[in-house]
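S.K.:
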Amino acid sequence: MRPAIVELQGIRKIYGIGTPVVTKVLHGIDLRLEEGEFAALIGPSGSGKSTLLNLIGLLEHATAGEIAIAGESATELDEVALTELRGRNIGFVFQFHYLLPAFTALENVMMPAIIRDGSPTPRAEADANELLAKVGLAGHEYKKPSQLSGGQQQRVAIARSLSLSPRLILADEPTGNLDTHTADEIFALLREFNRERGSACLIVTHDPRLAGRCDRKIELVDGDIVGSHEIAADADR
Amino acid sequence: MMPRLRFEWLVALRFLREGRMQTVLILAGVTGGVAVIVFLTQLITQLQATIIDRVLGSQAHVVIRPLEEANARALDPAGSSAIVEPRAQRLKSVDQWEAVMRAAAATPGVVAVSPVATGPAFAVRGQANKSVALLGVDAERYRRIVKMDDNMTRGRFEVEGTHALIGIELAKDLGVTVGDKIRVVTADRRDEQLTITGLFDMGNKDLNRRWVFVTLKLAQSLLDLPGGVSNIDLAVSDIFAAKDVATRLEAATHLTVDSWMTTNAQLLAALRNQTVSNNLIRSFVTIIVALGIASVLVVSVVQKQKEIGILRAMGASSRRIMAVFLLQGGMVGLVGALLGTGLAITLLQVFSRVYRNADGSALFQATLEPRFAVLAALVALVVGLLAAVIPARRAAKMDPVQAIRV
Ligand SMILES: Nc1ncnc2c1ncn2[C@@H]1O[C@H](COP(=O)(O)OP(=O)(O)OP(=O)(O)O)[C@@H](O)[C@H]1O
Ligand SMILES: [Mg+2]
Chain A
1 MRPAIVELQG IRKIYGIGTP VVTKVLHGID LRLEEGEFAA LIGPSGSGKS TLLNLIGLLE
61 HATAGEIAIA GESATELDEV ALTELRGRNI GFVFQFHYLL PAFTALENVM MPAIIRDGSP
121 TPRAEADANE LLAKVGLAGH EYKKPSQLSG GQQQRVAIAR SLSLSPRLIL ADEPTGNLDT
181 HTADEIFALL REFNRERGSA CLIVTHDPRL AGRCDRKIEL VDGDIVGSHE IAADADR
Chain B
1 MMPRLRFEWL VALRFLREGR MQTVLILAGV TGGVAVIVFL TQLITQLQAT IIDRVLGSQA
61 HVVIRPLEEA NARALDPAGS SAIVEPRAQR LKSVDQWEAV MRAAAATPGV VAVSPVATGP
121 AFAVRGQANK SVALLGVDAE RYRRIVKMDD NMTRGRFEVE GTHALIGIEL AKDLGVTVGD
181 KIRVVTADRR DEQLTITGLF DMGNKDLNRR WVFVTLKLAQ SLLDLPGGVS NIDLAVSDIF
241 AAKDVATRLE AATHLTVDSW MTTNAQLLAA LRNQTVSNNL IRSFVTIIVA LGIASVLVVS
301 VVQKQKEIGI LRAMGASSRR IMAVFLLQGG MVGLVGALLG TGLAITLLQV FSRVYRNADG
361 SALFQATLEP RFAVLAALVA LVVGLLAAVI PARRAAKMDP VQAIRV
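These protein sequences, in sequence, are chains A and B.
The numbering of the first sequence is UniProt numbering, which starts it at 1 and goes up by one.
The numbering of the second sequence is UniProt numbering, which starts it at 1 and goes up by one.
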């Protein structure tokens, strides 16, 4: 068994505690994700997929339960330590690109490195240029997000999520608003980086086609994991 | 390419650049506010300095007199418009004036001392007969009390023997000029023939009509003050400390010691009121500028909610997000201060050209003292930072998930 990149134990999430509207979203999730694993998180709308992803990404606090990233328990960490742990291990790709509109594509890809190092370095710039070329955006480095198409924006977001070679990439419907062809390209990119760099990926998707091309399918219904299937290697991969 | 700035600076600058209209408006607000403050401060400081300069142009900062003479101020400019008749009454000398003078000179803050023998007399030339004030001085010492050198229109500020310096009005009244002779007569009929060696203009008709400078020795003999002086004039380094110096000297000498601040109490009160209202205006403008910066930044934080969330998700701590917004406030303050100072200089130039004295000379100088520019920059920087505190804290507290969820 490979070492775990994510380990969840009894994760519960309840919104609106102490208010008239209490929403119980997750009811005790146990989940283990291995280094280099490429998994899909599927389930109906409102089942808690984004919530779970945000918890794993240390963007939200669980109401109860244990969470560990790369073997390091996050349960007791304060805000600064969480930010640090997140920055060191996790890259995000969101459904909507969420690039920084004030910065160019290149600067967006460099941003995680700038945050880590304190200021831009020639090394970070070279890496970002290479990543942009990898996602097929050579020649678009100095465009602002508003000057790029939806698919191009999402590629920039993927390049950005990879910029620090994270051990875990969390992608929340990265192809949600793209046409099938572009969606396939984006998915293929994630797959490529997973193979090349060994980054584990957890991808939320509503697309059964894409889910079927992952190593594993984790199904969430009404806040509970109802199934976790290894998918046999097939011709599609 | 991307400047090699620190993350906080990079993001702050980019946010400001991207928020074009907001940045322009906020900068315009700070610029206007700083300009008003700097302009008003410079203007009022200068006008007040000019007024005080004028008052002190013919008056010692501090005057020591014999006790009994307290209410017989023949030379008090406040009462100088009253006609002072020569009196038969004998003038009193300052007791042991040489010792008093030495003590005064040794007092901290005192920069010059000058003994003066002064009293009433008549200046006579043919049929003309004018009431004057005789001032016996040591020119070398007196010019350090009142800047007589600047006031001389003919000749130099020097007296010896039976030479005399008179004002331009008296010269006109008597129809005399440099080289002519006049006679002075005192109440008890002592008299002397004087040669006019210089004319002065004190910028005050009354003084130009009444003051006659002679040597200390001559005044002593004419005024029947053998070896004595009627007062000792002092100059101090800090003119606004004159009152304290006077109080200290009075306690030490048991003589009557007056400062210009006492004799011009009304003027000083008026100036003080002006300063208070100026401070009030400055405070209001500062508050308004601060509110302007704060409100624009609060709006910007809300608009940038998503970006803040993204930056947080990428590993930027809330403290660094806070720094981004504090920097924006500080930069807006500082740049606004620079622009505002420039605007203030322009305003000063325009106003000094438009508003002039009756004689056409400039009412004030179109220059800005560097200390006001520095002060404005510091204040604007601090105000900018303080105004940014609330928005910055809001930004720092912002939940990244809230920003990232649509
Ligand atoms: N901040 C919040 N406060 C209260 N309820 C919330 C909050 N965020 C999410 N929820 C609720 O939690 C439940 C799960 O939301 P979540 O976004 O995780 O669903 P999802 O599985 O990602 O759905 P979708 O496929 O539509 O994106 C929903 O019922 C939602 O209303
Ligand atoms: Mg979702």
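Beta carbons are placed, not taken as given, at the ideal position from N, Cα and C, and that holds for glycine.
1) Taking only beta-carbon positions, decide if residue 400 (chain B) is within less than 8 angstroms of chain A.
2) Can you tell me whether DSSP reads residue 153 (chain B) as helix, strand or coil?
3) With residue 121 (chain B) as the anchor, note down where its alpha helix (DSSP H) starts and where it stops.
4) Could you name the residues of chain B that residue 83 (chain A) contacts, counting a contact when the two beta carbons are closer than 7 angstroms?
5) Could you name the residues of the stretch 9 to 41 of chain B whose beta carbon sits closer than 9 angstroms to any beta carbon of chain A, in the order they occur along the chain?
6) Give a yes or no on whether 8 angstroms exceeds the smallest Cβ distance from residue 4 (chain B) to chain A.
7) Taking Cβ positions only, does residue 369 (chain B) come closer than 8 angstroms to chain A?
8) Does any C-beta atom of chain B lie closer than 8 angstroms to the C-beta of residue 37 (chain A)?
9) List, in chain order, every chain A residue whose beta-carbon is nearer than 8 angstroms to that of residue 351 (chain B).
10) Measuring straight from C-alpha to C-alpha, what distance separates residue 100 (chain A) and residue 401 (chain B)?
11) Taking all protein chains shown into account, do 16 or more other C-beta atoms lie within 10 angstroms of the C-beta of residue 330 (chain B), making it buried, or fewer, making it exposed?
12) Please enumerate, following chain order, all residues with a beta carbon closer than 5 angstroms to at least one heavy atom belonging to ligand 3.
13) What's the call for residue 95 (chain B), buried or exposed, on a 16-neighbour Cβ count within 10 Å?
14) Residues of the stretch 114 to 127 of chain A with a CB closer than 7 angstroms to any CB of chain B: list them in chain order, please.
15) Please work out which residues of its chain come closer than 6 angstroms, Cβ to Cβ, to residue 280 (chain B), disregarding the five sequence neighbours upstream and downstream, and give them in chain order.
16) Starting from residue 130 (chain A), find everything on chain B with Cβ-Cβ shorter than 9 angstroms and list it in chain order.
17) Would you say residue 204 (chain A) touches ligand 2, meaning its beta carbon is less than 7 angstroms from a heavy atom?
18) Is there a C-beta anywhere in chain B that falls below 8 angstroms from the one on residue 102 (chain A)?
19) Using only CA atoms, which one of A:160, A:85, A:80 lies nearest to residue 73 (chain A)?
20) Rounded to the nearest angstrom, what separates residue 380 (chain B) and residue 158 (chain A) at their Cα positions?
21) Let me check understanding here. Comparing Cα to Cα, which of A:9, A:78, A:204, A:90 lies closest to residue 66 (chain A)?
22) I want to check one thing, is the minimum distance from the CB of residue 172 (chain A) to the heavy atoms of ligand 2 below 7 angstroms?
23) Leaving out five residues on either side along the sequence, give the residues of the same chain with a beta carbon under 6 angstroms from the beta carbon of residue 70 (chain B).
24) Where does residue 357 (chain B) sit, in a helix, a strand or coil, going by DSSP?
25) Taking the continuous beta strand (DSSP E) assigned at residue 30 (chain A), which residues delimit it?
26) For a contact defined as C-beta to C-beta under 9 angstroms, what are the partners of residue 59 (chain A) on chain B?
27) Is it right to say residue 1 (chain A) is buried, meaning 16 or more other beta carbons lie within 10 angstroms of its own, or is it exposed?
28) The alpha helix (DSSP H) spanning residue 216 (chain A) covers which residue range?
29) Closer than 7 angstroms by C-beta to residue 104 (chain B): which residues in its own chain qualify, once you throw out the five before and the five after it? Chain order, please.
30) Determine the DSSP secondary structure at residue 181 (chain A), reduced to helix, strand or coil.
31) If you run the structure through DSSP and keep just helix, strand and coil, what is residue 144 (chain B)?
32) Which residue from B:346, B:37, B:382 puts its Cα closest to that of residue 365 (chain B)?
33) Starting from the beta carbon of residue 98 (chain A), find every residue of chain B whose beta carbon is closer than 7 angstroms, and list them in chain order.
34) By how many angstroms is the C-alpha of residue 259 (chain B) removed from the C-alpha of residue 116 (chain B)?
35) Considering only DSSP beta bridges, list what residue 183 (chain B) is partnered with.
36) Nearest to residue 106 (chain B) by alpha carbon, out of B:198, B:146, B:236, B:310?
M.R.: The structure says:
1) Translated into the one-based positions of the second sequence, residue 400 (chain B) becomes position 400. Proximity of residue 400 (chain B) to chain A, defined by a Cβ-Cβ separation below 8 angstroms, is satisfied.
2) Here residue 153 (chain B) is taken as the residue at index 153 of the second sequence, counted from 1. Strand at residue 153 (chain B).
3) Residue mapping note: residue 121 (chain B) aligns to position 121 of the second sequence, counting from 1. Segment 110 to 125 is the beta strand (DSSP E) holding residue 121 (chain B); no alpha helix (DSSP H) there.
4) Residue numbering aside, residue 83 (chain A) sits at position 83 when the first sequence is read from its first letter. Per Cβ cutoff of 7 angstroms: 315, 317.
5) In summary, the residues of the stretch 9 to 41 of chain B whose CB is separated from some CB of chain A by less than 9 angstroms are 9, 10, 11, 14, 15, 17, 18, 19, in the order they occur in the chain.
6) To locate residue 4 (chain B), count along the second sequence from 1; it is residue 4. The C-beta of residue 4 (chain B) comes closer than 8 angstroms to at least one C-beta of chain A.
7) Here residue 369 (chain B) refers to the residue found at position 369 of the second sequence. With 8 angstroms as the cut-off, residue 369 (chain B) does not count as an interface residue toward chain A.
8) Start at 1 with the first residue of the first sequence, and residue 37 (chain A) comes out as number 37. By this cut-off, residue 37 (chain A) is not an interface position.
9) For this step, residue 351 (chain B) is matched to residue 351 along the second sequence. Chain A residues near residue 351 (chain B): none, gap ~41 angstroms exceeds 8 angstroms.
10) Indexing the first sequence from 1 puts residue 100 (chain A) at position 100. Indexing the second sequence from 1 puts residue 401 (chain B) at position 401. Using only the alpha carbons, I get a separation of about 16 angstroms.
11) On the second sequence, position 330 is the one that residue 330 (chain B) refers to. Classification for residue 330 (chain B): buried.
12) Ligand 3 is not among the ligands present in this structure, which contains only ligand 1 and ligand 2.
13) Residue numbering aside, residue 95 (chain B) sits at position 95 when the second sequence is read from its first letter. So residue 95 (chain B) ends up on the exposed side.
14) Across the stretch 114 to 127 of chain A, CB contacts with chain B closer than 7 angstroms involve 114, 115, 116, 118, 119, 120, in sequence order along the chain.
15) Numbered from 1 along the second sequence, position 280 holds the residue referred to as residue 280 (chain B). None.
16) As a working mapping, residue 130 (chain A) is identified with position 130 in the first sequence. Result: empty, since nearest Cβ-Cβ is about 16 angstroms, beyond 9 angstroms.
17) Taking the first residue of the first sequence as 1, we reach residue 204 (chain A) at position 204. Flag set: Cβ of residue 204 (chain A) near ligand 2.
18) Position 102 of the first sequence, counted from the first residue, corresponds to residue 102 (chain A). True, the Cβ-Cβ gap to chain B drops below 8 angstroms.
19) Within the first sequence, the letter at position 73 stands for residue 73 (chain A). Cα-wise, what sits closest to residue 73 (chain A) is A:85.
20) The residue given as residue 380 (chain B) occupies position 380 in the second sequence. The residue given as residue 158 (chain A) occupies position 158 in the first sequence. C-alpha separation (whole angstroms): 42 angstroms.
21) Counted from its first residue, the first sequence places residue 66 (chain A) at position 66. Measuring from the Cα of residue 66 (chain A), the nearest candidate turns out to be A:9.
22) Taking the first residue of the first sequence as 1, we reach residue 172 (chain A) at position 172. Residue 172 (chain A): yes, Cβ under 7 angstroms from ligand 2.
23) By one-based count along the second sequence, residue 70 (chain B) stands at place 70. Residue confidence is low: residue 70 (chain B) scores 44 on pLDDT, short of 50, so the model does not pin down where it sits. Its coordinate-derived value is still stated next. Its chain contains 256 as the residues whose beta carbon lies nearer than 6 angstroms to that of residue 70 (chain B), once the 5 sequence neighbours on both sides are disregarded; these appear in chain order.
24) Locating residue 357 (chain B) in the second sequence gives position 357, counting from the first residue. In the structure shown, the three-state DSSP call for residue 357 (chain B) is coil.
25) Start at 1 with the first residue of the first sequence, and residue 30 (chain A) comes out as number 30. Segment 23 to 34, the beta strand (DSSP E) holding residue 30 (chain A).
26) Within the first sequence, the letter at position 59 stands for residue 59 (chain A). Here the neighbours are 309, 312, 313, 399, 400, 401, 404.
27) Here residue 1 (chain A) corresponds to residue number 1 of the first sequence, with the count starting at 1. Exposed, since its Cβ has fewer than 16 Cβ neighbours within 10 Å.
28) On the first sequence, position 216 is the one that residue 216 (chain A) refers to. For residue 216 (chain A), there is no enclosing alpha helix (DSSP H); the residue is found in the beta strand (DSSP E) stretching over 216 to 221.
29) Position 104 of the second sequence, counted from the first residue, corresponds to residue 104 (chain B). The residues are 64, 110, 113, 232, 234, 249.
30) To locate residue 181 (chain A), count along the first sequence from 1; it is residue 181. In this structure, residue 181 (chain A) counts as helix in the three-state DSSP scheme.
31) Residue mapping note: residue 144 (chain B) aligns to position 144 of the second sequence, counting from 1. Residue 144 (chain B): coil per DSSP, three-state reduction.
32) Locating residue 365 (chain B) in the second sequence gives position 365, counting from the first residue. The shortest Cα separation from residue 365 (chain B) among B:346, B:37, B:382 belongs to B:346.
33) Here the question's residue 98 (chain A) lines up with position 98 in the first sequence. Ordered by position in chain B, the residues that pass the 7 angstroms Cβ test against residue 98 (chain A) are 306, 310, 404.
34) Counting from one through the second sequence, the residue named residue 116 (chain B) turns up at place 116. Counting from one through the second sequence, the residue named residue 259 (chain B) turns up at place 259. Straight-line Cα distance between these residues: approximately 16 angstroms.
35) Position 183 of the second sequence, counted from the start, is the residue given in the question as residue 183 (chain B). Note: residue 183 (chain B) sits in a beta bridge opposite B:124, B:193.
36) Residue numbering aside, residue 106 (chain B) sits at position 106 when the second sequence is read from its first letter. Out of B:198, B:146, B:236, B:310, B:236 has the C-alpha closest to the C-alpha of residue 106 (chain B).
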